[in-house]
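Reading through the structure tokens given below for one structure.
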Amino acid sequence: MRIASWNVNSLKARLDHVLDYCRSGQVDCLMLQELKLSDENFPHQAFADIGWNSVCHGQKTYNGVAILSPFEISNVMRGLPHLTPEDAQDEQSRYIEASVNGFRLGAIYLPNGNPCPGPKFDYKLQWMARLNAHAKTLLDSEMPVILAGDYNVMPQAIDCYDAPAWEGDALWHPQSRAAFFELSNLGYTDAIRAIHPVGAQYSYWDYQAGAWPRDNGIRIDHLMLSPEAADKLVNAGVDKTPRGLERPSDHTPVWVEML
DNA sequence: ATGACCACATCTTGTGGA
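Position one of the first sequence corresponds to residue 1316 (the working numbering), numbered consecutively onward.
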């Protein structure tokens, strides 16, 4: 069972890339972020035509997450539980969770948080508090859990081409990183770093300033595995091929192979 | 090279991304 996560930066603009990736046989399940389309515009039929099921939590113009698989997708949950009454006002579509082939999968599009400090950074930290609280409750489930997606956090200096240049940025802020490391403290494993403990494993390259040809990348897309899921981890990696296609997303897929 | 992008909405310019 291979499971991948990919921030596609508009599913409408990237539909052919995503369909090709599904058809390639590289993965049995794909979690998508930044769909930038509403539920009624989600191309369920295009995936059905290649034998894939799809569930989404969309939003016009911004955000949007989905889970795709040839396997049955069941027990779908949209949005994170609320910790405070204010959380009920949150209308951003950034989380969808479902069961696929014995795994409990959460697709995450974590807020960027810039400018920092400010209300957007506050929103990021509150969203992470909600995610971490939910991640804790998921440990009680009977299933191996994978929380995968665009976390908008660079955990370590090796996850950035030039970490000092990101001083003060929400992706490299100590509070963002501390909130991310809470998942590790709960017992979740960063699959890419479990398999590749050292060296660059970038998942994002800016469109600007020749970041891709210069390999000025950052690692912000992560697959976090509960202890039960980590026991099933066989391999993990970054598939850089889609980033080199015509009109690519600025992110590329990250994947795990599970027993 | 002190440069340099992309997608969306609709407004050919502004917002958001990271």
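For glycine and all other residues, C-beta sits at the position ideal for the given N, C-alpha and C.
Bear in mind that the values here come from a model prediction, so they are computed numbers and not experimental data.
Worksheet item: Along the chain, which unbroken stretches of the beta strand (DSSP E) at least 3 residues long are found entirely within the region 1511 to 1554?
Response: 1536 to 1540 and 1548 to 1553
Item to complete: Could you check the C-alpha separation between residue 1489 and residue 1325 for me, to the nearest Å?
Response: 30 Å
Practice prompt. Report the residue from 1566, 1510 and 1322 whose alpha carbon sits nearest the alpha carbon of residue 1546.
Written response: 1510
Discussion item. Going by C-alpha to C-alpha distance, which of 1519, 1497 and 1536 sits closest to residue 1528?
Written reply: 1519
Worksheet item: In chain order, what residues of the same chain lie with their CB nearer than 6 Å to the CB of residue 1526, ignoring the 5 residues before and after it?
Response: 1520
Worksheet item: Which whole-angstrom value describes the C-beta separation of residue 1540 and residue 1504, a residue pair presumed to lie in contact below a C-beta threshold of 8 Å?
Response: 5 Å
Worksheet item: What is the rounded straight-line gap between the Cα of residue 1522 and the Cα of residue 1558?
Response: 10 Å
Worksheet item: Around the Cβ of residue 1397, are there at least 16 other Cβ atoms within 10 angstroms (buried) or fewer (exposed)?
Response: exposed
Item to complete: On a CA-only basis, which of 1436, 1498 and 1460 is nearest residue 1641? Give me that one, please.
Response: Residue 1641 cannot be examined here, being either before or after the span of the chain that is shown, 1316 to 1574.
Worksheet item: Less than 8 Å separating the beta-carbons of residue 1337 and residue 1365?
Response: yes
Worksheet entry | As assigned by DSSP and simplified to three states, the class of residue 1389 | strand
Practice prompt. Could you tell me which of 1463, 1492 and 1438 sits nearest to residue 1450, measuring between CA atoms?
Written response: 1463
Worksheet item: Hey, how far is the Cα of residue 1405 from the Cα of residue 1348?
Response: 17 Å
Practice prompt. Closer than 8 Å by C-beta to residue 1466: which residues in its own chain qualify, once you throw out the five before and the five after it? Chain order, please.
Written response: 1423, 1425, 1495, 1535, 1536 and 1537
Fill in: Through-space distance from residue 1415 to residue 1316, alpha-carbon basis
10 Å
Discussion item. Quick check on residue 1374: buried or exposed, where buried means 16 or more other Cβ atoms within 10 Å of its Cβ?
Written reply: buried
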